[in-house]
Amino acid sequence: MDSVRRFLFEDLDIRGAVVSLGNAWHEMSAGRDDPPTVQALLGELAAVTALIAGNLKTPGRLGCQLRGDGLISLLLVDCDEQLRLRGTMHAKVGAGETALSFGELLGDGQLTLMLQSKHGDPYQSVVPLSGDSLAAVFEHYLVQSEQQPAWLFLTADDQFAGGLFLQKLPDADAKDPDGWNRLMHLAATLKPTELRKSPANLLMRLFPEENIRLFDPRPVRYHCPRDEAKVLAMLQSMGRAEIEAALAEQEELVIEDDICRHSYRYGTEIIPRLFD
Numbered sequence: 003m004d005s006v007r008r009f010l011f012e013d014l015d016i017r018g019a020v021v022s023l024g025n026a027w028h029e030m031s032a033g034r035d036d037p038p039t040v041q042a043l044l045g046e047l048a049a050v051t052a053l054i055a056g057n058l059k060t061p062g063r064l065g066c067q068l069r070g071d072g073l074i075s076l077l078l079v080d081c082d083e084q085l086r087l088r089g090t091m092h093a094k095v096g097a098g099e100t101a102l103s104f105g106e107l108l109g110d111g112q113l114t115l116m117l118q119s120k121h122g123d124p125y126q127s128v129v130p131l132s133g134d135s136l137a138a139v140f141e142h143y144l145v146q147s148e149q150q151p152a153w154l155f156l157t158a159d160d161q162f163a164g165g166l167f168l169q170k171l172p173d174a175d176a177k178d179p180d181g182w183n184r185l186m187h188l189a190a191t192l193k194p195t196e197l198r199k200s201p202a203n204l205l206m207r208l209f210p211e212e213n214i215r216l217f218d219p220r221p222v223r224y225h226c227p228r229d230e231a232k233v234l235a236m237l238q239s240m241g242r243a244e245i246e247a248a249l250a251e252q253e254e255l256v257i258e259d260d261i262c263r264h265s266y267r268y269g270t271e272i273i274p275r276l277f278d
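All residue numbers for the sequence shown refer to our numbering, where the first residue is 3 and numbers rise by one.
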């Protein structure tokens with residue numbers, strides 16, 4: 003099942019979460035013709051966005067955006083409080099066709115996290131891309147934002163995207179001074195294919211001697227429906243004269259939804275619908 007599943011090492015005061023995306027990732031990437039290297043980065047971003055959204059103290063819509071001056075100019079995934087994902091990316095022709103590093107693909111850039119809760123003002127955080135992988139970028143961000151040591155592992159291919167997250171809590175050293183180091187040595191043995199196991203089996207394999215409380219899974223799904231009302235409102239805001247001029251020149255208005263990959267097409271019949 004596509005899910006985010008939180009867990010706690012009760013004797014260590016260390017928490018974590020496992021994210022597994024099968025169908026949700028498959029639907030998000032369907033119809034895209036991205037090279038494997040590029041596709042993997044979008045899958046990893048989908049996994050970590052779901053993971054962070056599933057652990058928010060204040061539920062809301064979380065957006066994670068990476069922009070760079072390399073072959074990939076944009077990676078974008080957002081996830082609402084019901085853990086419904088959507089996302090897209092922009093890459094130059096040829097991106098990922100050879101074995102390029104993370105730095106070569108994105109170049110100099112920044113990570114932007116945006117949180118819109120139902121109550122309160124939107125929150126936005128912008129940090130430089132610091133690290134040689136997407137996992138390293140987000141691990142650095144999580145350590146800085148939470149002021150606690152964290153560890154993150156991400157993987158993705160054309161069938162699966164997933165991740166494992168661990169975070170040391172304030173009382174961890176008091177409970178077991180060696181607990182965090184011990185878990186880091188065990189976590190370092192994780193192989194990407196093992197994330198396809200059920201979270202219970204995965205954690206039993208990695209940490210067989212630890213006392214782990216595994217919380218109920220939260221399901222994740224892809225959700226990117228058509229939203230014609232939003233498109234019509236945008237066209238109406240342009241004004242009648244501009245819409246008429248565009249139709250006179252092009253005979254048809256074509257609006258492309260870049261994130262959800264929906265097309266909206268309108269002819270002259272849209273004029274009275276918008277303005278009369």
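The beta-carbon is built from N, C-alpha and C at its ideal position, and this holds for glycine as well.
About 7 Å separates the Cβ atoms of L136 and F104, confirming a contact at the 8 Å cut-off. With the rule of 3 Cβ pairs closer than 8 Å, the segment 233 to 248 does not count as touching the segment 195 to 202. Between L47 and V21, the C-beta gap is not smaller than 8 Å, which leaves the two residues out of contact. Around D178, the same chain offers L14 as residues with beta carbons nearer than 6 Å, after the five sequence neighbours per side are excluded. Per DSSP, the beta-bridge partners of A152 are Q169. Between S5 and G133, the alpha-carbon positions lie close to 27 Å from each other. With a cutoff of 8 Å on beta-carbon distance, V139 and L113 are scored as near each other. In the DSSP annotation of this structure, G122 is not part of any beta strand (DSSP E), being labelled neither H nor E. In this structure, DSSP gives F209 a state outside helix and strand, which the three-state scheme calls coil. Exclusion of the five residues before and after G45 leaves W27, A158, A163 as the residues of its chain whose Cβ lies within less than 6 Å of its Cβ. Rounded to whole angstroms, the separation of the alpha carbons of R215 and Q41 is 34 Å. As DSSP reads the structure, G164 sits in a beta bridge with S22, T157.
Within a 10 Å sphere around the beta-carbon of I74 sit 16 or more other beta-carbons, which makes this residue buried. Looking from the CA of M240, the closest CA among L87, C226, R228, L255 belongs to L255. One thing to note: S119 has its Cβ within 8 Å of the Cβ of T60. Between the C-alpha atoms of Y224 and M3 there is a straight-line separation of about 13 Å.
If only uninterrupted alpha helix (DSSP H) runs of at least 4 residues are considered, those enclosed by the segment 230 to 264 are 230 to 240, 242 to 252. Per DSSP, the unbroken beta strand (DSSP E) holding Q67 starts and ends at 62 to 70. The three-state reading of DSSP puts F11 in strand, counting E and B together. In chain order, V21, L23, L156, A158, A163, G164, G165 place their CB closer than 7 Å to the CB of A49, counting only its own chain and leaving out the 5 sequence neighbours on each side.
About 5 Å separates the beta carbons of L117 and L64, which is inside the 8 Å limit, making them a contact pair.
Between the alpha carbons of E212 and P124 lies a gap of roughly 39 Å. According to the DSSP assignment, G181 belongs to the alpha helix (DSSP H) that extends over 181 to 189. In this model, L276 and L204 are separated by some 55 Å (Cα to Cα). Around the C-beta of E251, fewer than 16 other C-beta atoms lie within 10 Å, and the residue is accordingly described as exposed. Residue environment for F167: buried (at least 16 other C-beta atoms within 10 angstroms of its C-beta).
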